[in-house]
Structures are given as C-alpha cells and as structure tokens.
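Engineer: I have a structure I would like to understand better, so I am pasting it below and will then ask my questions one at a time.
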Amino acid sequence: IAGITQAPTSQILAAGRRMTLRCTQDMRHNAMYWYRQDLGLGLRLIHYSNTAGTTGKGEVPDGYSVSRANTDDFPLTLASAVPSQTSVYFCASRQGTSVGNEQFFGPGTRLTVL
Amino acid sequence: GQNIDQPTEMTATEGAIVQINCTYQTSGFNGLFWYQQHAGEAPTFLSYNVLDGLEEKGRFSSFLSRSKGYSYLLLKELQMKDSASYLCAVAGFQKLVFGTGTRLLVSP
Numbered sequence: 000i001a002g003i004t005q006a007p008t009s010q011i012l013a014a015g016r017r018m019t020l021r022c023t024q025d026m027r028h029n030a031m032y033w034y035r036q037d038l039g040l041g042l043r044l045i046h047y048s049n050t051a052g053t054t055g056k057g058e059v060p061d062g063y064s065v066s067r068a069n070t071d072d073f074p075l076t077l078a079s080a081v082p083s084q085t086s087v088y089f090c091a092s093r094q095g096t097s098v099g100n101e102q103f104f105g106p107g108t109r110l111t112v113l
Numbered sequence: 005g006q007n008i009d010q011p012t013e014m015t016a017t018e019g020a021i022v023q024i025n026c027t028y029q030t031s032g033f034n035g036l037f038w039y040q041q042h043a044g045e046a047p048t049f050l051s052y053n054v055l056d057g058l059e060e061k062g063r064f065s066s067f068l069s070r071s072k073g074y075s076y077l078l079l080k081e082l083q084m085k086d087s088a089s090y091l092c093a094v095a096g097f098q099k100l101v102f103g104t105g106t107r108l109l110v111s112p
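Written as structure tokens, this is what we have:
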C-alpha cells in the first residue's frame, strides 16, 4: 500500500441498509478526514480525527459515524442509508499537527443509495 | 462561519494565461490552499499561502491578500492537461473549508 486507499470503489445500496466505507493510510499521518463531494456544493467535511482515539464533527455529520481505533484506519459508517447520501466520498489525511500541511486524498468511493 | 466564492466555470486557450479568483470571509484564518481535481479523480495539492504575496511554482502561481480576503491562482502557458477543476480552500482551526470549485476548460 502506498498513500491512501479506499474501499469499495463504488457501491449501489438500498435505502435503509447499513454501509461502512473503508479508508486506510500507510503514511503514519495523525489527522484524517471524510468529505463528500456533490455537484455544485463542492467538498464538505463530514467527520475528522486529529489523532487516534479522537474524532470530531464536520459541516455535515448527520447520518454518519466514524471511529479511529488506530493511526492507519478511519472507517465511515452510514447506519441507515438514505438517497440524499448519494455522493462521492473522499478520505484524506494530513501529516503532523499544523493545519498548513497539505491534505492527501484517497481515490474516492462513489455511493448510490436507491 | 466561512464563505468562499470562486467562479463556476472558465474557458481559455492553449498557451494562454488564466487567473482564477477566490474571495473568502472567515472567522479564523490559517492559510489558503489551492487544489487541482481532474474529472473522476481525487484532489491534488497545488499551493498553500499563509502570508501576503505571490508564491510561484513553475507554471502555477498563487497570490494572497489577507486584508482583502482574496486569493488567485495564475496558470501560465496553458496546456490541455490543465483542464480540471480548481478548488480554493481556507484553513481554519484544524480543518479546511472548500469553495465549490472552478471548472477550467482549455481548448486548442
């Protein structure tokens, strides 16, 4: 593994189902983020984690949960998917504690909720 | 809160120069990023400005004026591969807030 990986690449999901999007990084970055990207709305922060064991809410956290049990993994869970959660989801990570360090993005997961 | 504005779409010709503007209003400011995103791909880092002035990096330059809440990304000697979306993002406390992005179309 090099950088950030996300799984699955794409998924079609029935409304009401539970879904976990996976994100793993091998750069030993402290901070990790989940964004969703929708046409005309840009990237919006869902949840973030500044270090293993801590998480925080972003701009659009409702309907999503995260955990950060270790440095490398930051899964995003949709407890009961709804069609408005149809989006492209990007995971990102950042080295160190400075917000001025660049964020590295994973390849994204395209999720469709029917 | 934070409000970030950038044009939705721009067009330019191969070999030309284009300037993409970004204006912001923010309650906390720790710098401004520009990212490039090709269709169907992840955003990739272009530049970071925290002090006023121009930062040049090859064909790309980024400018910041903190007093005016204004930044621009300047792309010189445009190439077809520069057709992409360009995202302006303001760094607050531990987080980035992104603008909606500017889609740049470069034509021959």
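Same order as they appear, the protein sequences are chains A and B.
Under our numbering, the residue at position 25 of the first sequence is numbered 24, and the numbers go up by one with no gaps.
Numbers given in our numbering equal positions in the second sequence, counted from 1, plus 4.
Using N, Cα and C, we set each Cβ at its ideal position, and we do this for glycine too.
(1) For R17 of chain A, decide whether its Cβ has a neighbour in chain B, counting only Cβ atoms nearer than 9 Å.
(2) Excluding the five sequence neighbours on either side, which residues of its own chain have a C-beta within less than 8 Å of the C-beta of K61 of chain B, listed in chain order?
(3) How about S66 of chain B and D56 of chain B: are their beta carbons less than 9 Å apart?
(4) Counting only runs of 3+ residues fully inside the stretch 6 to 62 of chain A, write out the beta strand (DSSP E) ranges in chain order.
(5) Would you kindly check if the distance between the Cβ of T104 of chain B and the Cβ of I24 of chain B is under 9 Å?
(6) Measuring alpha carbon to alpha carbon, tell me which residue in A:S86, A:F104, A:P106 is nearest D121 of chain A.
(7) Please classify R93 of chain A: is it buried, with 16 or more other beta-carbons within 10 angstroms of its beta-carbon, or exposed?
(8) Under 8 Å, with one C-beta from each stretch per pair, do the stretch 6 to 14 of chain A and the stretch 41 to 49 of chain A reach the 3-pair mark?
(9) Please classify L100 of chain B: is it buried, with 16 or more other beta-carbons within 10 angstroms of its beta-carbon, or exposed?
(10) So, is Q41 of chain B buried or exposed, given that buried needs 16 or more other C-beta atoms within 10 angstroms?
(11) G107 of chain B bridges to which residues according to DSSP?
(12) Shortest alpha-carbon distance to A13 of chain A belongs to which of A:S79, A:R21, A:G107?
(13) For L82 of chain B and G19 of chain B, I'd like the C-alpha separation in whole angstroms.
(14) Looking at chain A, is there any beta carbon in it that lies within less than 9 Å of the beta carbon of G96 of chain B?
(15) Taking buried to mean at least 16 other C-beta atoms within 10 Å of its own C-beta, is L113 of chain A buried or exposed?
(16) Alpha carbon to alpha carbon, what distance is there between L58 of chain B and M18 of chain A?
(17) My output table needs one value for S97 of chain A: the three-state DSSP class, helix, strand or coil.
Structural biologist: Working from what's here:
(1) Here the question's residue 17 of chain A lines up with position 18 in the first sequence. At a cut-off of 9 Å between beta carbons, R17 of chain A makes no contact with chain B.
(2) Within the second sequence, residue 61 of chain B is the residue found at index 57, counting from 1. The residues are L50, S51.
(3) The residue labelled residue 66 of chain B in the question sits at position 62 within the second sequence. The residue labelled residue 56 of chain B in the question sits at position 52 within the second sequence. The answer is no: Cβ separation not under 9 Å.
(4) Fully enclosed beta strand (DSSP E) runs of 3 or longer: 9 to 12, 18 to 24, 30 to 37, 41 to 48.
(5) Working through the second sequence from its first residue, we reach residue 24 of chain B at position 20. Working through the second sequence from its first residue, we reach residue 104 of chain B at position 100. Not a contact, by the Cβ cut-off of 9 Å.
(6) Missing from the structure shown is residue 121 of chain A; chain A here goes from 0 to 113 and no further.
(7) Taking the first residue of the first sequence as position 1, residue 93 of chain A is located at position 94. With 16 or more Cβ atoms within 10 Å of its Cβ, R93 of chain A is classed as buried.
(8) Fewer than three Cβ pairs drawn from the stretch 6 to 14 of chain A and the stretch 41 to 49 of chain A lie within less than 8 Å of each other, which leaves the two stretches out of contact.
(9) Taking the second sequence and counting its residues from 1, one reaches residue 100 of chain B at position 96. With 16 or more other Cβ atoms within 10 Å, it is buried.
(10) Along the second sequence, read from residue 1 onward, the residue named residue 41 of chain B stands at position 37. Buried: at least 16 other Cβ atoms inside 10 Å.
(11) Translated into positions along the second sequence, residue 107 of chain B becomes position 103. Note that residue 107 of chain B is Arg in the sequence shown here, rather than Gly. In the DSSP assignment, R107 of chain B forms a beta bridge with B:E13, B:S89.
(12) The sequence position of residue 13 of chain A within the first sequence is 14, counting from 1. Selected option, being the one with the closest Cα: A:S79.
(13) Translated into positions along the second sequence, residue 82 of chain B becomes position 78. Translated into positions along the second sequence, residue 19 of chain B becomes position 15. Each residue's Cα considered, the two are about 5 Å apart.
(14) By 1-based counting over the second sequence, the position of residue 96 of chain B is 92. True, the Cβ-Cβ gap to chain A drops below 9 Å.
(15) Counted from its first residue, the first sequence places residue 113 of chain A at position 114. Counting Cβ neighbours within 10 Å, L113 of chain A comes out exposed, since fewer than 16 surround it.
(16) On the first sequence, residue 18 of chain A is found 19 positions in, with the first residue counted as 1. On the second sequence, residue 58 of chain B is found 54 positions in, with the first residue counted as 1. Using only the alpha carbons, I get a separation of about 45 Å.
(17) Your numbering for residue 97 of chain A matches position 98 in the first sequence. S97 of chain A: coil per DSSP, three-state reduction.
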